[in-house]
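Inspection log for the structure reproduced underneath, given as C-alpha cells.
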Amino acid sequence: MALTGIQIFKLTPKKNCKECGSPTCMAFAMKVAQGAVGIDKCPYMSEDAIAQLSEASAPPMKTIEIGKKPFADNKNDTDASFKLGGETVLFRHEKTFVNKTRYASTVSTAMDAAKVDQILTDMAKIDYERIGDRMYVEFIAVDHTDGASADAYAELAKKAAAANRALILNVKDEAAAAAALEAVKDTKPVLNGADASNYEAMNKLATGADVVLGVTGSNVDEIYDTIAAIEKLGNKKLIVDLGSVSVKDAFANAVLLRRACLDKNPDRTAGYPTIANVAKLAPGDAHMQTALATLFTMKYGSIVIVEEMTYAQALPLYGLRQNLFTDPQKAPRIEPGIYPINGAEENSICLTTVDFALTYFLVSGELERSGVPCNLLISDAGGLSVLTSWAAGKFSAGSIAKYIQEFDIENKIKNRTLVLPGKVAVLKGDLEAKLPDWNIVVGPTEAVQLVKFLKDMQANGQA
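Structure representation (C-alpha cells):
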C-alpha cells in the first residue's frame, strides 16, 4: 500500500536543504506521496530508507521485462526490452495505462515448414508508422504439441528467433522446454508452461536460464496458489497465462486478478502481467480472434496471441491500442517542423496545420492520397485541434509567422504559397500583413476535401 506524506517524511534526513527542489523535507515527502517526484531526488536519503520507500511505493502490479526489442517503439523509446505490467489503475480515465499490450503470431510443431515460413513472412510485412509510433508484431508464440520431439521444438524455436522477435515458449514438456531454452535463452524468451503439476521443474528451468516464467491453471484459485508457491521458491519474474478453458473463464481470470492487485488493500501475489491466448480460445476463427484480441487489449491482456496476425487485423487492433495507451491528460503531439509529402521539394506548395497528432494523421493521409507534392508545416499549437488552438490564441497569424521565421522556412522553401485550414479563414488578412511575400490561400474546412482541392490547384498551375 502506498505510504502517506507523513510516513515518508519520517524517513527523510530532515535537513531542509532545498537541493531536491522543494522548500522543506515535508513538502518533498508530500510530493513523493503524490507521485510528483521520485525518491531519488533527495541526495541525502539513506540506502535503507530508499529501499523501504521503493518497496512500499512500488506499483502493486509488477513490471516485468521480456525479450529484446528489435525496433524502438518511437523516437523517444530507449528501452532495450519489452516492459509489461506496472499498472496502477483499473480504468484509463483514472490516471493512465503504463505499458501497452503486445501482440504475437503463432508457430507450432504441428505445422509443416512451408506454413511456418508463410506465417513468419506475413508477420514481417506488418511494419508501419502511425502517429509517430512503429507498429509491428512484437512476439512469436512457439507451441509444442504432443508427440513432438525436444530437438524438433528447439529447431522451431531457433527458426522463430531468427525472425528477430521476442519469443513465448508455450511448452509443458520438461525435456522440450530445456532444449528450446538452451537454443534461444539469449533472446530472453518467456517459458510459458508452469502449472500446479510441474511448477517446481519449470521454475528450475526458468531461473537457471534467467527468463520469465508463465504460470497457468484450470481456474483463478489454482493460478493464484501456483503463483504463491513459486514466489516461495524465490521467483517473482512471472507472467500469468489466463488459460484456454473458455472465453468466459479467461476474461474472468483477467478481471479478478487485476482487481485483486489494484484493490484498496492490494494483493501483490495477483499483481503480474498476463497472456491472453485467443488462438486457443477461438482456433481457426480469425474474426473471433480479432474480436477477442480487442477485448483483451481493453481488459488487461499484456500479451495477446493470435494464430496469424494479418494486416487486416493489425490496422484496427493497433489503432485501438494506440488510443488506449496514451495519457488522457496529455494531448498526443507531433514535433513541429517541415514534413515533405509525395516527394515534395523546395518548390512545392506549402500547407499548415496544428501539432495535434490526430489532425496531422488525418491531414497527412489525405495529402498523400492526393498525390500532389507538398510541404506540410507543423507549428507548435500546444497539442490542440485547429479551432481549439485558435480560440486559445496558440494558432494565430502571429504564431504562424513566428514559426516560419524561427524555422527559417523562407530559406528552406522557395515556394511562397501557403494554404490555411478553412476553419481559420479569419487569419488570412493578418497573415498577409505579417508575411507580405506569401500568397495566403484559404483551404477546405475538412481534411477529406483536400484531395480535390489540391488536384484543382495543380490543374490550374498553382501547385
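If you're matching positions, the sequence shown starts at 1 in the UniProt record's numbering and goes up one per residue. We put the CB at the ideal spot given by N, CA and C, even for glycine. Here the structure is a predicted model, which means the values were calculated and not measured.
Residue environment, residue i, which counts as buried when at least 16 other CB atoms sit within 10 Å
| i | result |
| --- | --- |
| Asp241 | buried |
| Cys358 | A small fix is needed here, since residue 358 is Leu in this sequence, not Cys. It counts as exposed. |
| Asp143 | buried |
| Thr297 | buried |
| Asn411 | exposed |
| Ile64 | buried |
| Leu387 | exposed |
| Asp146 | exposed |
| Asp327 | exposed |
| Tyr403 | buried |
| Ala180 | buried |
| Ala177 | buried |
| Phe251 | buried |
| Tyr128 | exposed |
| Ala29 | buried |
| Lys100 | buried |
| Arg416 | exposed |
Residue i versus the options, residue with shortest Cα-Cα distance
| i | options | result |
| --- | --- | --- |
| residue 464 | Ala270, Ala209, Gly208, Asn253 | Any answer about residue 464 is impossible in this case: the structure gives the chain only from 1 up to 463. |
| Gly337 | Ile400, Ser348, Phe407 | Phe407 |
| Lys264 | Tyr153, Asn164, Tyr128, Pro59 | Pro59 |
| Asn323 | Ile440, Asp48, Gly132 | Gly132 |
| Leu233 | Gly208, Lys68, Asn219 | Gly208 |
| Ile275 | Ala110, Ala381, Leu292 | Leu292 |
| Asp112 | Asn74, Gly382, Glu155, Val215 | Glu155 |
| Lys95 | Ser348, Glu174, Phe325 | Phe325 |
| Gln405 | Gly422, Lys434, Ala381 | Lys434 |
| Ala401 | Gln458, Val184, Lys185, Pro436 | Pro436 |
| Leu317 | His287, Lys185, Asn342 | His287 |
Secondary structure of residue i, DSSP reduced to three states
| i | result |
| --- | --- |
| residue 464 | Residue 464 lies beyond the residue range present for the chain, which begins at 1 and ends at 463; the question has no answer from this structure. |
| Phe139 | strand |
| Gly67 | coil |
| Lys18 | coil |
| Thr78 | coil |
| Pro316 | helix |
| Phe356 | strand |
| Asp48 | helix |
| Asn253 | helix |
| Val107 | strand |
| Gly132 | coil |
| Lys236 | coil |
| Ala148 | coil |
| Ala166 | strand |
| Val245 | coil |
| Val363 | helix |
Whole-angstrom C-beta distance between residue j and residue i, which should lie under 8 Å
| i | j | result |
| --- | --- | --- |
| Ala157 | Phe139 | Not quite, the Cβ-Cβ distance comes to about 13 Å (not below 8 Å), so this is no contact. |
| Asn164 | Pro273 | 22 Å between Cβ atoms; not a contact. |
| Ile126 | Val137 | 5 Å |
| Ser302 | Ile239 | 7 Å |
| Val419 | Leu351 | 4 Å |
| Glu432 | Ile440 | 5 Å |
| Tyr300 | Val255 | 7 Å |
| Asn379 | Phe356 | A small correction: the amino acid at residue 379 is Ser; Asn does not occupy that position in the sequence shown. About 11 Å; that fails the 8 Å criterion. |
| Asn253 | Gly243 | 6 Å |
- Decide if the region 303-319 is in contact with the region 331-351; the criterion is three or more beta carbon pairs, one per stretch, under 8 Å apart. Verdict: no, contact absent.
- Contact between the region 291-306 and the region 100-111 (3+ Cβ pairs under 8 Å): Taking a cut-off of 8 Å on C-beta distances, the region 291-306 touches the region 100-111, as three or more cross pairs fall below it.
- So does the region 39-49 actually touch the region 67-86, counting three or more Cβ pairs closer than 8 Å? no
- Task: Please confirm if the region 385-401 is in contact with the region 366-374, defined as three or more CB-CB distances below 8 Å between the two stretches.
- Result: no
- Query: Would you say the region 210-225 touches the region 188-199, given that touching needs at least three Cβ pairs under 8 Å?
  - Reply: yes
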